[in-house]
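So the structure is just underneath, and the comments pick up after that.
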Amino acid sequence: MAHETPDNRPHRRLRPTRRGRLVLLIGAVLVLAVAAAVLVPLLTREPRTEQPRTLVIPEGWRATQVYAAVDKALGRPAGTTAKSVATADLPLPAEAEGNPEGYLFPATYPVTSATTPKSLLRYMVDTAVERFGADHITAGARRNDVTVYQTVTIASIVQAEADTEADMGKVARVIHNRLDRGMPLQMDSTLNYAMNRSTLDTTTGDTKIDSPYNSYEHKGLPPTPIGNPGEQAMTSAIGPTPGPWLYFVTVAPGDTRFTDDYAEQQRNVAEFNRNRRSEGEG
31 MAHETPDNRP HRRLRPTRRG RLVLLIGAVL VLAVAAAVLV PLLTREPRTE QPRTLVIPEG
91 WRATQVYAAV DKALGRPAGT TAKSVATADL PLPAEAEGNP EGYLFPATYP VTSATTPKSL
151 LRYMVDTAVE RFGADHITAG ARRNDVTVYQ TVTIASIVQA EADTEADMGK VARVIHNRLD
211 RGMPLQMDST LNYAMNRSTL DTTTGDTKID SPYNSYEHKG LPPTPIGNPG EQAMTSAIGP
271 TPGPWLYFVT VAPGDTRFTD DYAEQQRNVA EFNRNRRSEG EG
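If you read the sequence shown in the numbering used here, its first letter stands for residue 31, the second for the next number, and so on.
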């Protein structure tokens with residue numbers, strides 16, 4: 031009988047028992063099940079949608095203020111939005127001659143990573159064209175014997191001059207009364223626009239500046255709106271409050287006085303100046 035040593039022992043292939051084969055099969059199924067459980071959610075998960083941020087454009091802001099706000103909201107270098115106007119293909123009326131002042135409609139706009147200065151400006155102008163093209167606006171403009179663009183200009187002055195919404199209709203009436211009589215508007219807001227400032231104090235020298243926006247020197251409306259009016263200002267521009275007023279001055283916050291008497295206006299202005307001096311001394 032031959033003796034088997036470690037070197038000459040016959041090699042035997044290990045075969046799992048029936049029970050062992052069952053264990054291996056169950057293990058493989060479990061591994062595949064776990065893999066499937068991980069992969070299915072990855073394959074079926076919907077991509078995350080970007081939550082838009084918002085950009086608020088207040089009523090009365092000038093185009094320069096809107097441009098700066100858009101640059102900041104989109105993280106662009108200062109001046110980017112202003113430069114984009116020339117190639118933005120904005121649907122402005124012919125009277126605007128490519129200047130969107132007055133048509134950058136005050137509202138809250140969504141901003142995402144896909145937003146560009148041009149797309150945002152178009153959104154604003156599209157909104158303004160839609161709102162200002164409404165039947166009641168065009169009818170009101172015709173009734174006042176002005177164009178819609180001129181109505182936007184009137185509304186921009188109303189927005190800048192009125193101390194409260196309640197005063198808007200009266201301010202609009204003063205503008206229309208002066209236009210009808212061929213009087214210069216003499217509005218400080220147009221001077222402020224020309225001088226790129228905002229102030230309540232206007233000097234005699236200011237009223238002499240050489241600018242088409244100097245409504246002390248030039249009769250009629252300025253060549254463009256002086257800001258971007260809201261709907262209340264537009265409503266006032268097409269339907270001003272009935273009245274004979276030719277003058278007004280805000281003597282104190284919440285106290286705007288309207289009159290058609292020049293002497294009374296002078297007294298009101300004197301009171302305004304006294305109040306301003308008192309503020310300065312305080």
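Glycine included, every Cβ here is placed at the ideal spot set by N, Cα and C.
Note that the coordinates shown come from a computational prediction; the quantities given were computed from them, not determined experimentally.
CA-to-CA distance, residue j to residue i, given in whole angstroms
i	j	result
Thr285	Gly250	As written in the sequence, residue 285 is Asp, which differs from the Thr given in the question. Straight-line Cα distance between these residues: approximately 27 Å.
Tyr277	Ser114	40 Å
Val159	Val201	24 Å
Ile268	Ile239	30 Å
Arg83	Thr142	6 Å
Pro242	Leu85	32 Å
Glu125	Pro255	11 Å
Ala196	Leu104	36 Å
Thr229	Arg306	12 Å
Asp165	Ala300	43 Å
Arg304	Thr181	35 Å
Glu309	Glu89	27 Å
Val176	Arg211	15 Å
Pro253	Pro140	31 Å
Phe162	Gly170	11 Å
Val188	Trp91	13 Å
Arg106	Asn174	42 Å
Pro214	His248	6 Å
Ala293	Ile205	19 Å
Asn222	Thr79	44 Å
Ser266	Gly235	31 Å
Pro270	Thr233	29 Å
Arg172	Ile87	29 Å
Own chain, CB closer than 8 Å to residue i, minus 5 neighbours either side, in chain order
i	result
Pro130	Ala93, Val115, Leu120, Leu122, Leu151, Met154, Val155
Pro272	Arg203
Asp231	Arg306
Thr194	Gly284, Thr286
Thr117	Lys148
Ala108	Ala98, Asp101
Glu261	Arg161
CB contact check: residue i to chain D, cutoff 7 Å
i	result
Thr94	No chain D appears in this structure, which consists of one protein chain only.
Beta-carbon proximity list for residue i, same chain, < 7 Å, skipping 5 on both sides
i	result
Thr157	Phe135, Ala137
Ala224	Ile239, Ser241, Tyr243, Asn244
Arg287	Phe278, Val279, Val281, Asn298
Glu191	Val201, Met217, Ser219
Thr168	Val178
Ala144	none
Glu127	none
Arg227	none
Classification of residue i by the beta-carbon crowding that lies within 10 angstroms, buried from 16 upward
i	result
Pro259	buried
Met264	buried
Gln81	exposed
Arg208	buried
Gly199	buried
Thr183	buried
For residue i, the residue or residues it bridges with in DSSP
i	result
Leu85	Tyr139
Thr289	Tyr277
Ala103	In DSSP, Ala103 forms no bridge with anything.
Ala282	Asp285
Close Cβ partners of residue i (< 6 Å) along its chain, the five nearest in sequence each way excluded
i	result
Gln295	Tyr277, Thr289
Thr111	Tyr97, Val100, Asp101, Pro147
Thr237	Tyr246
Ser186	Gly132, Pro255, Ile256, Gly257, Pro259
Pro274	Asp290
Thr302	Rather than Thr, the amino acid found at residue 302 in this sequence is Phe. Cβ within range, chain order: Val279, Val281.
The ligand HEM heavy atom lying under 6 Å from the CB of residue i
i	result
Gln180	Looking at this structure, you won't find the ligand HEM or any other ligand, since it has none at all.
The region 217-224 in contact with the region 93-109 per 3-pair CB rule at 8 Å: no
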